[in-house]
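Visitor:
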Amino acid sequence: MAVLVLFFAAGAYGAGPQIKDVKFEQDKKGLVHVYYRLENTVEDVLKIRLRLSHDGGNAFDLQPKSLSGDVGEVSGEGGKQIIWDIEKDFPELKGLGFVFAVEGVNLSARKREEARLLAEKEEARRKEEEKARLLAAEAARRKEEEKARLLAAEAARQKQEEAQRKEEKARRKEEEKARLAAEEKARLAAEEKARTPQGTVLIRQGVFQMGSPDGVGDADEHPRHKVYLDAFYIDKYEVTAAQYRRFAQARRAAMPEQAAPGADNHPVVQVSWNDADKYCKWAGRRLPTEAEWEKAARGGTDTKWSFGDNESGLGEYAWYQGDSGNTAHIVGQKKPNHYGLYDMHGNVREWCADWYDKNYYGNSPESNPGGPETGAARVVRGGSWFFNADNTRSGFRLRLNPANKNDNIGFRCAVSR
């Protein structure tokens, strides 16, 4: 607690209102109570402030701030009290020789002086106006001036009304334009929604950077290059075991054994590239190209992952080696990327339509690349519950024999727009 030993108080006095009998004490809670009296104030208002000297009154360089009571604008004669919470302002303040100064500025006197100056200014203005009036010697001239003034005022009024009419017309035109634009936007959105295949997300046409920057990833992820893609739709989630079962039943084919029996909402696994291709065609869709898959996975970004370059955020978006418990999980449990797509960085790897070529990026077409004409392996993209963090990057590439089946490979479908 701050403790002061206070020797004397200094009051600020002026001619007229007086500040007297300044006293103070510090209570057990550490609060400092400063008492003073106002005399000869009549109807005056004083601006009271409290200052503190720590060197016996040579310099009042400490300014208390946590004050309450009769401080600031104060009026009325008699005893007054200021309470200072010293702990808030100077919690470590201790010592001897402290002096308080209670100072007051007569605001009423200042206001009277301001009123006097204003009256003098007003009187001078009136004299100038009278002088100007007397100089207006000819009544006829004044009459013509008044007539001209009235005509000008009428012309100004008409001009203002015309401007207001034009402004109102323009405003209504803009409102109508905005209304029509909103209706058109809503119509297009409704048409797009009706046109969008169930369970898919529209990826709009445009250019993106495909591949990884220098110093990141394997050799087959380079060079990074610009790719233009037409608009397409892609499944929001990986194809589930339940969805694949309907396909198998419709074709009277065997259902592949799943890693998690009975987990219908898990991604289907143990499917070859050929199985995935047949399912997508049966559903009226197709496997996405490698370029389509990467654009969808990036979600409009150029970073290692759709959420940035910092691996620490991966667990919010993907089931991978670091958090999966060595098994796949129900689709859509992690955060989606900016396009609204789930599990692009993990859960299970996904078959793409393309044949694999480690040098393909060096000579692939810039517009709608579809992979090499032939090959020995198909492209697999995305991370999985079995993979480490580096293998979940948006640009990571993998190849597998199209007949390969295992418990960490699934797929999702795409649709051309």
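Using my numbering, the letters of the sequence shown correspond one by one to residues 48 to 464. We put the beta carbon where it would ideally sit given N, CA and C, even for glycine. No experiment lies behind these values; they were computed from the predicted model shown.
#1: Whole angstroms is fine: what's the gap from Asn435's alpha carbon to Gly393's?
#2: What did DSSP end up calling Asp282 once you bin it into helix, strand or coil?
#3: Going by beta-carbon coordinates alone, are Gly125 and Ile66 separated by less than 8 angstroms?
#4: Does Phe255 come out as helix, strand or coil in the three-state DSSP assignment?
#5: Using C-beta distances below 7 angstroms, list every residue in its chain close to Lys112, excluding the 5 sequence neighbours before and after it, in chain order.
#6: Assuming Leu334 contacts Ala461 (C-beta within less than 8 angstroms), just tell me the rounded distance between them.
#7: Which residue wins for smallest C-alpha separation from Val81, given the options Asp68, Arg212 and Glu90?
#8: On the criterion of 16 or more Cβ atoms from any shown chain inside 10 Å, does Leu51 qualify as buried, or is it exposed?
#9: Taking all protein chains shown into account, decide if Glu201 is buried (16 or more other Cβ within 10 angstroms of its Cβ) or exposed.
#10: What whole-angstrom Cβ distance do Ile250 and Ala400 have, given they're in contact under 8 angstroms?
#11: Counting beta carbon pairs with one atom in the stretch 360-379 and one in the stretch 419-427, are three or more of them shorter than 8 angstroms?
#12: Does the contact criterion of 3 or more C-beta pairs under 8 angstroms hold for the stretch 446-462 versus the stretch 279-289?
#13: When the Cα atoms are used, what is the spatial distance from Glu167 to Ile129?
#14: Thinking C-alpha only, which one of Arg444, Arg96 and Trp432 is nearest Asp404?
#15: With DSSP collapsed to three states, give me the class of Arg446.
#16: For Glu72, name the three-state secondary structure that DSSP assigns.
#17: Hey, would you say Val146 sits closer than 8 angstroms to Gly104, going by beta carbons?
#18: Using only the alpha-carbon positions, how far apart do Ala310 and Ala288 sit?
#19: Write down the C-beta distance between Leu85 and Lys127 rounded to the nearest angstrom, noting that I regard them as a contact closer than 8 angstroms.
#20: In this structure, how does DSSP classify Tyr465 when only helix, strand and coil are distinguished?
#21: Return the chain-ordered ranges of every beta strand (DSSP E) run that is complete within the stretch 148-189 and spans a minimum of 3 residues.
#22: On the DSSP bridge assignment, give the partners of Trp398 in chain order.
#23: In the structure shown, what three-state DSSP assignment does Gly393 receive?
#24: Using CA coordinates, which residue listed in Gly123, Lys141 and Val118 is at the minimum distance from Trp131?
#25: Can you give me the start and stop residues for the alpha helix (DSSP H) that Ile133 sits inside?
#26: Is Arg464 helix, strand or coil by DSSP?
#27: Cβ atoms of Gly346 and His385: under 8 angstroms apart, would you say?
#28: Of the residues Gln252, Phe71 and Met257, which one's Cα is nearest the Cα of Pro412?
#29: Given Lys351, which residues of its chain have a CB within under 6 angstroms of its CB, disregarding the five upstream and five downstream residues?
#30: Which residue wins for smallest C-alpha separation from Glu304, given the options Tyr364, Asp454, Val89 and Asn87?
Guide: Considering the structure as presented:
#1: Numbered from 1 along the sequence shown, position 388 holds the residue referred to as residue 435. Numbered from 1 along the sequence shown, position 346 holds the residue referred to as residue 393. Distance between the alpha carbons of Asn435 and Gly393: 10 angstroms.
#2: The residue you call residue 282 lines up with position 235 of the sequence shown. In this structure, Asp282 counts as strand in the three-state DSSP scheme.
#3: Mapped onto the sequence shown, residue 125 falls at position 78. Mapped onto the sequence shown, residue 66 falls at position 19. For Gly125 and Ile66, no; Cβs fall outside 8 angstroms.
#4: Counting from 1 along the sequence shown, the entry for residue 255 is found at position 208. If DSSP states are grouped into helix, strand and coil, Phe255 belongs with the strands.
#5: Within the sequence shown, numbered from 1, the residue matching residue 112 stands at position 65. Once the five neighbours on either side are set aside, the close Cβ partners of Lys112 are Asp136.
#6: Within the sequence shown, the letter at position 287 stands for residue 334. Within the sequence shown, the letter at position 414 stands for residue 461. Contact holds; Cβ gap of about 7 angstroms.
#7: Taking the sequence shown and counting its residues from 1, the one referred to as residue 81 is at position 34. It is Asp68 whose Cα lies nearest to the Cα of Val81.
#8: As a first step, residue 51 must be located in the sequence shown, where it is residue number 4. Bear in mind that a pLDDT of 40 at Leu51, under 50, signals an unreliable position, so the number given afterwards is only what the model happens to contain. Leu51 comes out buried.
#9: For the purposes of this step, residue 201 is taken as residue 154 along the sequence shown, with counting starting at 1. Under this definition Glu201 is an exposed residue.
#10: Indexing the sequence shown from 1 puts residue 250 at position 203. Indexing the sequence shown from 1 puts residue 400 at position 353. Incorrect: roughly 15 angstroms between the Cβ atoms, too far for contact.
#11: no
#12: yes
#13: Mapped onto the sequence shown, residue 167 falls at position 120. Mapped onto the sequence shown, residue 129 falls at position 82. In a straight line, the C-alpha of Glu167 is about 39 angstroms away from that of Ile129.
#14: If you number the sequence shown from 1, residue 404 lands on position 357. Among Arg444, Arg96 and Trp432, the Cα nearest to that of Asp404 is on Arg444.
#15: Numbered from 1 along the sequence shown, position 399 holds the residue referred to as residue 446. Reduced to three states, the DSSP call for Arg446 is strand.
#16: Mapped onto the sequence shown, residue 72 falls at position 25. DSSP places Glu72 in strand when its eight states are reduced to three.
#17: The residue you call residue 146 lines up with position 99 of the sequence shown. The residue you call residue 104 lines up with position 57 of the sequence shown. Cβ atoms of Val146 and Gly104: closer than 8 angstroms.
#18: For this step, residue 310 is matched to residue 263 along the sequence shown. For this step, residue 288 is matched to residue 241 along the sequence shown. Whole-angstrom Cα-Cα distance: 7 angstroms.
#19: Within the sequence shown, the letter at position 38 stands for residue 85. Within the sequence shown, the letter at position 80 stands for residue 127. Rounded, the Cβ-Cβ distance is 6 angstroms, consistent with contact.
#20: There is simply no residue 465 to check, as the chain begins at 48 and stops at 464 in what is shown.
#21: none
#22: Within the sequence shown, residue 398 is the residue found at index 351, counting from 1. According to DSSP, which records beta bridges pairwise, Trp398 is partnered with Val427.
#23: On the sequence shown, position 346 is the one that residue 393 refers to. Three-state result, Gly393: coil.
#24: Your numbering for residue 131 matches position 84 in the sequence shown. Of Gly123, Lys141 and Val118, the residue nearest in Cα terms is Val118.
#25: As a first step, residue 133 must be located in the sequence shown, where it is residue number 86. From DSSP, the alpha helix (DSSP H) with Ile133 extends over Ile133 to Asp136.
#26: Taking the sequence shown and counting its residues from 1, one reaches residue 464 at position 417. Three-state DSSP puts Arg464 in coil, outside helix and strand.
#27: Indexing the sequence shown from 1 puts residue 385 at position 338. Indexing the sequence shown from 1 puts residue 346 at position 299. Yes, the pair counts as a contact, with Cβ atoms nearer than the cut-off.
#28: In the sequence shown, counting from the first residue as 1, residue 412 sits at position 365. For Pro412, the nearest C-alpha among the options comes from Met257.
#29: The sequence position of residue 351 within the sequence shown is 304, counting from 1. So the list reads Arg440, once near-sequence residues are dropped.
#30: Indexing the sequence shown from 1 puts residue 304 at position 257. The candidate whose alpha carbon is nearest that of Glu304 is Asp454.
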